[in-house]
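> Right, I'll just put the structure down here and ask away after.
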Amino acid sequence: MKAVISILTCCATAVLLSSCASSLSSSPTRSAPKASQGEQAVAEQIFALINAERAQIGKKPLRGNRGLNQMAQKQADFMSQRSSVTTMGSMNRSQYAYLRLNVQNLTELANATASSNTASAVVQSWKNSPEHNRTLRQSWNTTGIGVSQGADGKTYVTMLVGVSSTGVPRSVTPIGW
């Protein structure tokens, strides 16, 4: 009986260690995605256009957030690999942003365009959509933008916006929000 228990213990330990070792290996889906220089330039243009639009309506400019940029880039890459615009997984991104980045009320905008003037086309399409336009006009203060060129020739864009409550406990709503 002791031999059987020893064997089972060894097997369980081996399974546990092998599962830990496999989760420690570097997986391409877990690594931070890198945008090309062209994709980065488009993201920066979108960022500037969005802040210019917000200035015209009296809203404060959004601040870039490295963590949100990485999340947005992963989603843009996901969409371009599938040649499909989607916000699939947005609840997980919202929870991660809240728990890890201290960003609340995360909202996501997504788009794909085949236009040669990608940044302008994306921002204009968001402005033309009542739902997206309403989202852009909210009192957000932080953003992340991801851009990925798809094999289908389209450029896929994800923009995450939220409220970064620096220095304020999560249970407290600042006055005026």
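Residue numbers for the sequence shown, in mature numbering (1 follows the signal peptide of the UniProt record, and there is no 0): -21 to -1, 1 to 156.
All C-beta atoms, glycine included, are put in the ideal place defined by N, C-alpha and C.
This structure is a prediction, so every number in the text was calculated from the model and none was measured.
Just mark M58 as buried or exposed, buried being the case when its beta carbon has 16 or more other beta carbons within 10 Å.
buried
> Quick one: what's G17 bridged to in DSSP?
Bridge partners of G17: none, in fact.
> Just confirm the distance between the C-beta atoms of S73 and L88, as a whole number of angstroms; I'd bet it's less than 8 Å.
Your pair S73 and L88 does not check out as a contact, with CB atoms roughly 14 Å apart and the cut at 8 Å.
> Just to confirm, are Q54 and S144 a CB contact at a threshold of 8 Å?
no
> Quick one: grab the DSSP three-state call for A(-1).
Annotation note: pLDDT 36 at A(-1) (below 50); position unreliable, no value reported.
> Need the endpoints of the alpha helix (DSSP H) that T97 sits in, please.
T97 to N107
> Can you tell me whether N107 is buried or exposed, with buried defined as 16 or more other CB within 10 angstroms of its CB?
Burial state of N107 is exposed, judged by a 10 Å Cβ sphere holding fewer than 16 other Cβ atoms.
> How far does the alpha helix (DSSP H) with G37 in it reach, from first residue to last?
For G37, there is no enclosing alpha helix (DSSP H), as DSSP marks it with neither H nor E.
> Would you tell me roughly how many angstroms separate the C-alpha atoms of I29 and Q19, rounded to the nearest one?
15 Å
> In whole angstroms, what separates the C-alpha of S15 from that of G37?
33 Å
> Straight-line CA distance for A34 to R45?
In this model, A34 and R45 are separated by some 22 Å (Cα to Cα).
> Go ahead and pull the three-state DSSP assignment for Q83.
In this structure, Q83 counts as strand in the three-state DSSP scheme.
> Are the CB atoms of T97 and L47 nearer to each other than 8 Å?
no
> What does DSSP give as the partner residues of Y75 in its beta bridges?
DSSP, once it has assigned bridges, lists no residue as partnering Y75.
> Where do the ends of the beta strand (DSSP E) carrying S144 lie?
Run containing S144: none; DSSP gives neither H nor E here.
> With DSSP collapsed to three states, give me the class of T92.
strand
> Just to confirm, does A22 get its C-beta within under 7 Å of one of the non-hydrogen atoms of the ligand NAP?
With respect to the ligand NAP, the structure shown offers nothing to examine, as it has no ligands at all.
> When you compare the CB positions of G141 and W119, do they come within less than 8 Å of one another, or not?
yes
> When burial is assigned at 16 or more other CB atoms within 10 Å of the CB, is S127 buried or exposed?
buried
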